[in-house]
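Participant:
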Amino acid sequence: MKYFLVPFGCQMNLSDSERVRRVIESMGYSEAEKEEDAQLLGIIACSVRQKAIDRVYSRIHAWNLRKRKEPVLTFVSGCILEKDREKFLKLFDLVFTMGRLEELPEMIRTYGVTTPCSQNAASDRLLTEDSDTVPSKMSREENLLASEKLWHIQPRYISDFDAYVPIQNGCDKFCTYCAVPYTRGREVSRPSGEILAEVEDLMKKGYSSITLLGQNVNSYGKNARHLAGESEMSFAGLLERIGAMGTEISAVTGRPLWVYFTSPHPRDMSDDVIDIVAACPVLAKQIHLPLQSGSDEVLSRMNRNHRVDDYLRIVEKIRNTIPSATLFTDIIVGFTGETDEEFASTRRVMEDIGYDMAFIAQYSPRPGAVSAKWDDDVPHQVKKERFEILSGVLKETASRRNAARVGTETPVLITGMDRKPGFHTARTEGRINIRIPGTDPHLIGRILPAQIEKSNGLTLFGSLSVPSGNTPESPSHEGTQP
Ligand code: SF4
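Be aware that the sequence shown starts at 1, since it is given in my numbering, and climbs by one per residue.
#1: Sort out for me which residues DSSP pairs residue 283 with in a bridge.
#2: Tell me the rounded alpha-carbon separation between residue 41 and residue 20.
#3: Beta-carbon within less than 8 Å of residue 198's beta-carbon, same chain only, minus the 5 sequence neighbours each way: which residues are those?
#4: Assuming residue 45 contacts residue 3 under a Cβ cut-off of 8 Å, what Cβ separation, rounded to an integer in Å, is found between them?
#5: Starting from the N-terminal end, write out each residue whose C-beta falls within a distance shorter than 5 Å of any non-hydrogen atom of the ligand SF4.
#6: Taking the beta carbon of residue 466 as the centre, do at least 16 other beta carbons fall within 10 Å, making it buried, or is it exposed?
#7: So the candidates are 190, 281, 393, 374; which of them puts its Cα closest to the Cα of residue 331?
#8: Roughly how many angstroms lie between the CA atoms of residue 294 and residue 215, to the nearest whole one?
#9: With contact counted as at least three CB pairs below 8 Å, one residue from each stretch, are the stretch 314-333 and the stretch 258-276 in contact?
#10: Taking the continuous beta strand (DSSP E) assigned at residue 460, which residues delimit it?
#11: Measure how close the beta-carbons of residue 183 and residue 81 come, nearest whole angstrom, since I'm counting them as under 8 Å.
#12: DSSP puts residue 427 in a beta bridge; with which residues?
#13: Are the beta-carbon atoms of residue 232 and residue 189 separated by less than 8 Å?
#14: Over what stretch of residues does the alpha helix (DSSP H) that includes residue 403 continue unbroken?
#15: Secondary structure at residue 453, three-state DSSP: helix, strand or coil?
#16: With a floor of 4 residues, list each alpha helix (DSSP H) that falls wholly inside the stretch 171-241, ordered by position along the chain.
#17: Taking 8 Å as the cut-off, decide whether the C-beta atoms of residue 263 and residue 217 are in contact.
#18: Where does residue 291 fall in DSSP's three states?
#19: Can you give me the start and stop residues for the beta strand (DSSP E) that residue 369 sits inside?
#20: If distances are taken between C-alpha atoms only, which option among 11, 5, 15, 12 comes closest to residue 29?
#21: Need the endpoints of the beta strand (DSSP E) that residue 166 sits in, please.
#22: Residue 122 by DSSP, collapsed to three states: which one?
#23: Are the Cβ atoms of residue 304 and residue 171 separated by less than 8 Å?
#24: Can you tell me which of 220, 61, 241, 149 puts its alpha carbon nearest to the alpha carbon of residue 103?
#25: Consult DSSP for residue 355 and reduce its assignment to one of helix, strand or coil.
#26: Cutting at 7 Å between CB atoms, please list the residues of its own chain near residue 267, excluding the five before and the five after it.
#27: Indicate the three-state DSSP secondary structure (helix, strand or coil) for residue 58 in the structure shown.
#28: Assign residue 395 to buried or exposed, taking buried as 16 or more other Cβ atoms, counted over all protein chains shown, within 10 Å of its Cβ.
#29: Any chance the CB of residue 282 is under 7 Å from a heavy atom of the ligand GDP?
#30: Along the chain, where does the beta strand (DSSP E) containing residue 2 start, and where does it finish?
#31: Rounding to the nearest angstrom, what Cα-Cα distance links residue 118 and residue 35 in this structure?
#32: Around the C-beta of residue 290, are 16 or more other C-beta atoms found within 10 angstroms, so that it is buried, or is it exposed?
#33: Given a cut-off of 8 Å on the beta-carbon distance, is the pair residue 500 and residue 458 in contact?
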């Protein structure tokens, strides 16, 4: 029997999907390459963006058409708003929260391979059982219990060199444009012992890139509220421990490795986090710090709870302490009420900082978020123009920064084969994409020195400093996959 799983949305959903894979595979299912070969079809949904929800509907409609001809079982889990969940109950065989993932085998055994006529009965049962425990209604304690059940499940990592490790779930910040606090619930921190054990295991297996994940990684530990009542270490403390462990393991194995974290909130970005990243070689010199807007008025309407000056002070600290660090950000243009002057402030801040990468979004109300009730009053054409202006600023600043890297030698992580025949895709420690000539699949997953030869806007071009035949022995990934 085969399964096919479609994760939508952010890296947290991708990470959750790795735990779903493990549970399904423990039942004897294997992953299908094509969805038409699978009898079990699942989606890890994202209610945060309407587009992602629209894609869930088009997928399930196709699956339900298929179900008329052959027996398949469908399920959905993930980040789901209550109103979407109610609709999903009528469309999917199984709808469950991630906290109930460990019950999936029992649900599948109970319902078996359903037919259209058994579909509603299954859904009704789950509606009755689960309707009081959707994340939006969960207390912090309930979310902690549910999250801990999920974290205890060993993931089946998608990659054997690049892993995501959840350290937190939920969010307490309630930015007005965001629905995450309503889909993932109140913020809870994973016990540090579990995180350290998972990270150590990955490091010992030879993973080259490990990313600590959370909605607000740098408020880690603040809302630990462990069942046993003990307090938790801070994010800086956690990073320090992981950094020390990585440095030790890397020295023993002789293999470089990079540890990232995403996303921090500027409000919780303390100097000690930056100092620890600067001091520890395995903590990657790349910081993703969401700006969202360069206007205090817009930040206030977004409920970001910090001012532009606070943000600039953090950037100054990063630039002074870790000059080699790349700086990434997220920006929203055309948020409710954004005036020309407010947009001009964002443009100025962006030009002054000079990001290496910026994920720029044109504002659209997200169902379930506070601002969805407000007038979406910036015309589409204006949003588009602002988006294009900021994209131009990014291209200009990132090109300038990349041009300064030409002629230097830097380690790169080979991530795959490029679409252009004869080339590898790779990235620098600062997560700048670089194209490297080569066709050796054994190099994928390895960090190797490369010479940067050319820059073209957001992408670099280079070649390995050592011919691939002379590279040190490949790390062993034996045992990393079940
Ligand atoms: S910090 Fe804001 S944008 Fe990020 S997950 Fe929390 S509410 Fe959403």
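All C-beta atoms, glycine included, are put in the ideal place defined by N, C-alpha and C.
Facilitator: According to the structure shown:
#1: 259
#2: 12 Å
#3: 165
#4: Incorrect: roughly 16 Å between the Cβ atoms, too far for contact.
#5: 171, 173, 175, 178, 180, 215
#6: exposed
#7: 393
#8: 21 Å
#9: yes
#10: 459-464
#11: 6 Å
#12: 413, 433
#13: yes
#14: 380-403
#15: strand
#16: 180-183, 192-204
#17: yes
#18: coil
#19: Per DSSP, residue 369 belongs to no beta strand (DSSP E) and is neither H nor E.
#20: 5
#21: 162-166
#22: Summary for residue 122: the model assigns pLDDT 40, below 50, so the residue's position carries little reliability; its value from the coordinates is reported in the next sentence. Helix at residue 122.
#23: no
#24: 149
#25: coil
#26: 305, 306
#27: helix
#28: exposed
#29: Questions concerning the ligand GDP fall outside what the structure shown contains, since the ligands it does hold are the ligand SF4.
#30: 2-7
#31: Unreliable placement is indicated for residue 118, whose pLDDT of 37 sits below 50; the coordinate value is still reported in the next sentence. Going from the Cα of residue 118 to the Cα of residue 35 covers about 22 Å.
#32: buried
#33: Since the displayed the chain opens at 1 and closes at 482, residue 500 lies outside it and no answer follows.
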